[in-house]
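Position in the sequence shown (first residue = 1) + 134 = the working numbering.
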Amino acid sequence: MIILNNNIFRKTLIILSLAIITTFAFFPFLNLNSASINSLSIPTGPPWEQVPTNDYTAQQYNLDLVDAYQAWQIETGDAGVTVAIIDSGIDTDHQELVGRISDLSYNAYTEEVGIAYVEDDLGHGTNVAGIIAAKRDNDFGIDGLTDNVQLMVIKVNRPGEEGYANSLIVKGIYYAVDNGADVINLSLGSTSQDSTVLAAVEYAHQNEVFVVASSGNDGNDVP
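Following this line, the structure appears as structure tokens:
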């Protein structure tokens with residue numbers, strides 16, 4: 135069961151492509167208890183046969199893991215929805231992603247706006263983008279869960295560095311909210327909380343922008 139505010143349920147559904155666990159334990163200030171909250175159940179049933187797929191679909195364990203086929207019965211991706219990917223950038227010429235990248239993409243380090251400034255020099259951001267929005271039915275690569283959405287790519291790594299500075303992550307979150315993102319994806323993590331990052335996530339929450347964050351790569355249980 136998913137429990138969310140009605141007016142962000144549809145936006146949230148399109149991010150089910152992520153094979154990561156979203157946890158609100160990292161953001162204890164988020165309050166999901168209000169009179170406007172309703173319980174919504176995703177319908178179950180066989181995969182929707184009308185959804186186009188690639189030859190590799192059956193090999194994608196993440197699709198079953200996040201109940202993708204059931205989600206596709208509700209939504210397969212809306213071009214009116216913008217997902218901000220705060221990461222290392224994106225391969226702007228990748229055939230799975232061309233046409234999905236927003237002109238409002240942003241390099242938080244150089245403060246330049248445009249697709250030309252978010253080229254991926256690590257590869258991580260491109261992988262994340264593919265999970266979210268790789269084209270289906272093109273006989274190439276994998277199936278993204280929501281291949282019609284727009285990707286606002288926000289590059290937050292400095293040249294030659296693999297890690298992401300909190301200051302750039304914060305700048306990226308505020309930029310995403312102020313420039314129309316519906317969902318923010320953070321496939322990154324830290325061993326400690328940072329007050330400026332928490333404040334930025336709260337700003338997104340106040341503006342009804344749904345934030346999805348990785349629970350980490352270590353396999354530790356989170357209470």
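Ideal placement from N, C-alpha and C gives every residue a C-beta, glycine not left out.
The structure presented is a predicted model; accordingly, all values stated were derived computationally and were not measured.
Once you ignore the five residues that flank residue i on each side, which residues in its own chain have a CB closer than 6 Å to its CB?
i    : result
P180 : Confidence at P180 is low in this model, with a pLDDT of 40, below 50, so its placement is unreliable and no value can be given for it.
V290 : I220, A242, Y298, L302, I303 and G306
V345 : I318, V335 and A338
T260 : I224, D225 and D254
L320 : I220 and A347
V247 : Y240
By Cβ distance below 8 Å, which residues in the same chain neighbour residue i in space, the five residues on each side in sequence not counted?
i    : result
A268 : E230, L231, G275, I276, D277, G278 and D281
N341 : V311
H258 : D221, S222 and S321
Tell me which residues share the same chain as residue i and place their Cβ nearer than 7 Å to its Cβ, disregarding the 5 neighbours each side in the sequence.
i    : result
E245 : none
I155 : With a pLDDT of only 33 at I155, under 50, the local geometry of the prediction cannot be trusted, and the value read off the model is given with reservation. For I155, where only same-chain residues beyond five positions count, the Cβ hits under 7 Å are S349.
Specify the secondary structure class of residue i as computed by DSSP and reduced to three states.
i    : result
V247 : strand
V335 : helix
Going by Cα to Cα distance, which pick from the options is closest to residue i?
i    : options                   : result
D271 : A333, A347, T210 and Q204 : T210
N313 : D328, D237, L256 and G294 : D237
D212 : T226, S321 and V283       : V283
G323 : N351, R292 and G214       : N351
L262 : A250, L285, I249 and Y240 : According to the sequence provided, residue 262 is Val. The question's Leu does not apply to it. Of A250, L285, I249 and Y240, the residue nearest in Cα terms is L285.
V331 : Y308, D316 and L256       : Y308
I288 : Q204, T216 and T191       : T216
L256 : Q204, D328, R234 and E295 : E295
G95  : Q204, I208 and R234       : There is simply no residue 95 to check, as the chain begins at 135 and stops at 357 in what is shown.
A250 : D227, G264, A218 and Q194 : D227
A315 : D273, A218, S326 and A333 : A218
At a cut-off of 8 Å, would you count residue i as near the ligand HEM, judging by its Cβ distance to the nearest heavy atom?
i    : result
V252 : Of the ligands one can find in the structure shown there are none, so the ligand HEM has no counterpart to examine.
Item to check | Sequence ranges, beta strand (DSSP E) only - wholly within the region 286-333, length at least 3 | outcome: 317-320
Next on the checklist: What ranges does the alpha helix (DSSP H) occupy inside the region 189-274, keeping only unbroken runs of at least 4 residues that lie completely in it?
Outcome noted: 195-199, 202-206 and 258-267
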